[in-house]
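**Student:**
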Amino acid sequence: MNINALLDWISGEHISLVLFFVGLYGLTARRNMLKSILSVGIMQAAAILYFLSADLAEDSVPPVGESVAGQAMADPLPQAMMITDIVIGIGVTAIALTLMIHLYHRYGTTNWQKARDKRHE
Amino acid sequence: MMVPFYILILGPVLAGLALLALPLRWGKVLAPISQIPLAVLAGQAFLAVRRNGPQLQVIGGWPSSVGIALRAELLSLDLVMLSILLFACLLLYNAGKPYVNRTFLFLFLSFQGLLNGIFLSSDLFNIFVLVEVATVVISLLILFKPNSESIYDGSIYLLTNIVAMTFFLFGLGLLYKTTGAVDFDSLKRVIASFEDSERLILPYAFLMTAVSLKAALMPLFSWLPKAHGTPGAPTVVSAVLSGLYVKGGVYLFFRLQDIFEPVLDTRSLFLVLGLMTAVIGFVLAIAQKDIKLILAYHTVSQIGLIMTGLNMDHDYARYGALYHIINHAIFKATLFLTAGLVIEHYKTRQIGQIRGVWREMPAVALASLLAILGITGAPLFNGSMSKAWIMVGADQAWLGIALYVINLGTVISFVKYSSMLWGKAPGKAKRPFWGGPGHRLPALVCLSLGTLCLLGGVLSEPMTRLLFGVALPVDWSQYGRKTVVFLLLLFAGTAIYHFGLKRWRYLQQARDLDLSFHDICLTMAAFFAALVIVLKIWY
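Chains as they are written, first to last, in numbering that gives the first Met the number 0: chain F, 0 to 120; chain V, 0 to 538.
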């Protein structure tokens, strides 16, 4: 395979799709709750990367301040949406980590399987 | 002058914030009162929409494709009014409960605001934000009386729902790239004239995986009974989750199908999934011993029925399903509330240990019975009307038979559930009508909700005309036949339960069916893959 073709293939869009499924793999294959939370983080990062890199023109400038003639501005809408998502992501991750600490105090483990066994006791 | 819709969303949140600053004594009184102005505003908006058609409001004066757009039409306002009615009842029910504190009232009222936002929003990204925040609020509410079981249940709920919403977000990104829009109006316009349907498959599959999990469709429902039936969750939280919040998923499904239908018509697929959900839901409900879990699994079954109705190619079935959304909210809330009182009184959740509710708490038993008659579709009750309209849409014989089987399953599961009403009470003396001290107000709330089940049936014709603006005729002359069919179902259900299912070994195994977090994630991935493959073959 041509190395240049490979380099061309590596774009934000493709990488984000790969990352998304890497995260999904982590969710299904790892038993530790902390790793599950990290996997969700990877999936969220993938979504953010996708929004920011899809449809991005090659030499566009950030949509901030005065526009310069002749230069295209990047679409501000995905960026605004992703700022919101990053904030939500932080909140959600914080809650998930808090729950994990509670779970650890209660069951003495962060392993999903063991916690489940203890729940049924 | 049109009511600004954002008040319906911000109002409850601000009320909750204000209650944080006031003494709890006042909060308990003011929280139900806060629903009155909301009801007035929602009613005004409803009348305006009935007069002038759907209204769009964009906050901040941006163009509607960019700003936060709120859209009110009859269905969304119906659901908002339903949420106000239910929350008012639940807050009254809750007023005397010891665990209620200011944080609880704040979270509970914020949840109402988020819910109204989901119903009113006309933009997929805003819906994503609202659902994500609602997920966090709900997991806090589920864990409000933390015990060792509910921490595991709450964690499962939070993480599976976050994963689903990540699917949603990614699908939204793909959709934005293909269509350049995230709001309903633009999406509908762009997609209706879309040539290349193949490019919509991937975003559609991502979005639908998330929505199917939210709506608890087969095979993605296993988080729901855990969350709705967990021992630690306060009764009112179970009631609102099962009665109302799960309908948020169904509502999203309805909206998305409306957008994608011209290009990707998946109705037959979701019709079959709906039927399967309904069947597996009642089978698992019959297998349970915990009364809250019977009700929670039963929600899965009814969601399946609603999905079946929504995906039929018939207007009656569609409106029947929408009416069933409202009916189900009312009787399921009644059932959860009465179950909460029963659990409180008997100090157990095991159906086998609860006997003689009729003698012990007559008002609660009466409310339960009204709701049971509603949910099993007894003649004159609201469930029978919506189920009859869904039945009209069954254009093939097998579909009609499947619907009868589902109704039989509902009857069987409630024959089991209602066994707690009869029999000898443990106490000696007959109790006063309202039950023990402190039960008067909650029992009154349950009883009025139960009465609504009957009213919703008797007045179903004017109700649907008012709520949906359509005339759905009820054929009263068929009522004799319907009553006979119902009695036959009741008889068959009782016989099957007592002589067959009660001692059936496999049923015990079905009770132990419990997917772990990994299994849920794996089913989500499999559901997504299957959806992509099916759509690729079709288009």
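Cβ atoms here follow ideal geometry from the backbone N, Cα and C, with glycine treated the same way. None of the values given here were measured: they were computed from a predicted structure.
What residue does the alpha helix (DSSP H) around R464(V) start on, and which one ends it?
**Tutor:** Residues 459-467.
**Student:** Just checking: is the beta-carbon of L6(F) within a distance shorter than 8 angstroms of some beta-carbon in chain V?
**Tutor:** Output row for L6(F): interface = no.
**Student:** Between the C-alpha atoms of S515(V) and N160(V), what's the straight-line distance to the nearest angstrom?
**Tutor:** Rounded to the nearest angstrom, the two C-alpha atoms are 14 angstroms apart.
**Student:** Measure the C-alpha to C-alpha separation of T450(V) and V363(V) and round it to an integer number of angstroms.
**Tutor:** Distance between the alpha carbons of T450(V) and V363(V) is about 12 angstroms.
**Student:** Only counting the same chain, and skipping five residues up and downstream in sequence, which positions put a Cβ closer than 7 angstroms to that of V235(V)?
**Tutor:** Counting only Cβ-Cβ distances below 7 angstroms, and skipping sequence neighbours, we find L89, Y92, N93.
**Student:** Are there any heavy atoms of the ligand NAD lying less than 7 angstroms away from the beta-carbon of N100(V), as far as the coordinates show?
**Tutor:** Ligands are entirely absent from the displayed structure, and the ligand NAD is therefore not among its contents.
**Student:** Express the C-alpha separation of F103(V) and L18(V) in angstroms, rounding to a whole number.
**Tutor:** If you take the alpha carbons of L18(V) and F103(V), they lie about 10 angstroms apart.
**Student:** Taking 8 angstroms as the threshold (beta carbon to beta carbon), is S185(V) in contact with chain F?
**Tutor:** For S185(V), the answer is no, since every Cβ of chain F falls outside 8 angstroms of its Cβ.
**Student:** So, is the C-beta of S192(V) closer than 8 angstroms to a C-beta in chain F?
**Tutor:** It does not: the Cβ of S192(V) has no partner Cβ on chain F nearer than 8 angstroms.
**Student:** In terms of residues, what are the limits of the alpha helix (DSSP H) holding L204(F)?
**Tutor:** A query on residue 204(F) cannot be resolved here, the shown segment of chain F reaching from 0 to 120 and no further.
**Student:** Name the DSSP bridge partner or partners of A71(V)?
**Tutor:** A71(V) pairs with Q54(V).
**Student:** Taking Q70(F) as part of the alpha helix (DSSP H), name the residues at either end of that continuous run.
**Tutor:** Where Q70(F) is concerned, there is no enclosing alpha helix (DSSP H), given that its DSSP letter is neither H nor E.
**Student:** Taking Cβ-Cβ distances below 7 angstroms as the criterion, which residues of the stretch 504-515 of chain V are in contact with chain F?
**Tutor:** Answer in chain order: S515.
**Student:** From M207(V) to A68(V), what distance separates their C-alpha atoms?
**Tutor:** Straight-line Cα distance between these residues: approximately 22 angstroms.
**Student:** Looking at the C-beta of I126(V), does it have a partner C-beta in chain F at a distance below 8 angstroms?
**Tutor:** No, I126(V) lies away from the interface with chain F (no Cβ there is under 8 angstroms from its Cβ).
**Student:** May I have a chain-ordered list of the alpha helix (DSSP H) segments no shorter than 4 residues that lie completely inside the stretch 256-307 of chain V?
**Tutor:** You should have 266-286.
**Student:** Using only alpha-carbon positions, find the residue among L407(V), A163(V), P230(V) that is nearest to L539(V).
**Tutor:** Residue 539(V) lies beyond the range of chain V shown here (0 to 538); nothing can be said about it.
**Student:** Determine whether the beta carbon atoms of A328(V) and K246(V) lie at a separation below 8 angstroms.
**Tutor:** Cβ atoms of A328(V) and K246(V): closer than 8 angstroms.
**Student:** Look up S154(V) in the DSSP assignment and give the residues it is bridged to.
**Tutor:** None; S154(V) has no bridge partner.
**Student:** Within 8 angstroms of any Cβ in chain F, is that where the Cβ of Y151(V) sits?
**Tutor:** Output row for Y151(V): interface = yes.
**Student:** Excluding the 5 residues preceding and the 5 following L85(V) in the sequence, name in chain order all residues of the same chain whose CB lies nearer than 7 angstroms to its CB.
**Tutor:** Here the set comprises V239, G242, L243, A328, A332.
**Student:** Check whether chain F comes within 8 angstroms of S267(V), counting only Cβ atoms and requiring the distance to be less than that.
**Tutor:** Answer no: the Cβ-Cβ gap between S267(V) and chain F never drops below 8 angstroms.
**Student:** Looking at chain F, which residues of the stretch 431-454 of chain V have a Cβ within less than 9 angstroms of any of its Cβ atoms?
**Tutor:** Those residues of the stretch 431-454 of chain V that come within reach of chain F (Cβ to Cβ, closer than 9 angstroms) do not exist; the list is empty.
**Student:** Give every residue of the same chain whose Cβ lies closer than 7 angstroms to the Cβ of S63(V), excluding the five residues on either side of it in the sequence, and list them in chain order.
**Tutor:** If we look at S63(V) and ignore the five residues flanking it on each side, its Cβ neighbours are L55, V57, D182, D184.
**Student:** For D182(V), which beta-bridge partners are listed by DSSP?
**Tutor:** D182(V) is bridged to D122(V).
**Student:** In chain F, what lies closer than 7 angstroms to E556(V) by C-beta?
**Tutor:** This structure gives no information on residue 556(V), because the portion of chain V shown stretches from 0 to 538.
**Student:** Quick one: which residues of the stretch 78-93 of chain F get their C-beta closer than 8 angstroms to a C-beta of chain V? List them in chain order.
**Tutor:** If the cut-off is 8 angstroms between Cβ atoms, the stretch 78-93 of chain F has M80, T83, D84, I87, G90, V91 near chain V.
**Student:** Can you confirm whether T102(V), when its beta carbon is compared against all beta carbons of chain F, has any partner nearer than 8 angstroms?
**Tutor:** No, its Cβ sits nowhere closer than 8 angstroms to a Cβ of chain F.
**Student:** Starting from I353(V) and walking both ways along the alpha helix (DSSP H), at which residues does that stretch end?
**Tutor:** Taken as a continuous stretch (DSSP letters only), I353(V) belongs to no alpha helix (DSSP H), as it is neither H nor E.
**Student:** Where do the N-terminal and C-terminal ends of the alpha helix (DSSP H) with L37(F) fall, by residue?
**Tutor:** 32-52 is the extent of the alpha helix (DSSP H) around L37(F).
**Student:** Once you ignore the five residues that flank L48(F) on each side, which residues in its own chain have a CB closer than 8 angstroms to its CB?
**Tutor:** So the list reads G11, I14, S15, L18, once near-sequence residues are dropped.
**Student:** In terms of residues, what are the limits of the alpha helix (DSSP H) holding Y318(V)?
**Tutor:** It spans 314-345 - the alpha helix (DSSP H) in which Y318(V) sits, taken as one unbroken run.
**Student:** So the candidates are L29(V), V65(V), T178(V), I126(V); which of them puts its Cα closest to the Cα of A53(F)?
**Tutor:** Looking at the Cα atoms, T178(V) is the closest of the given residues.
**Student:** Secondary structure at V60(F), three-state DSSP: helix, strand or coil?
**Tutor:** Correct three-state label for V60(F): strand.
**Student:** With a threshold of 8 angstroms between beta carbons, is S154(V) in contact with chain F?
**Tutor:** Output row for S154(V): interface = yes.
**Student:** How many Å lie between P3(V) and T92(F) at the Cα?
**Tutor:** Their Cα atoms are separated by approximately 33 angstroms.
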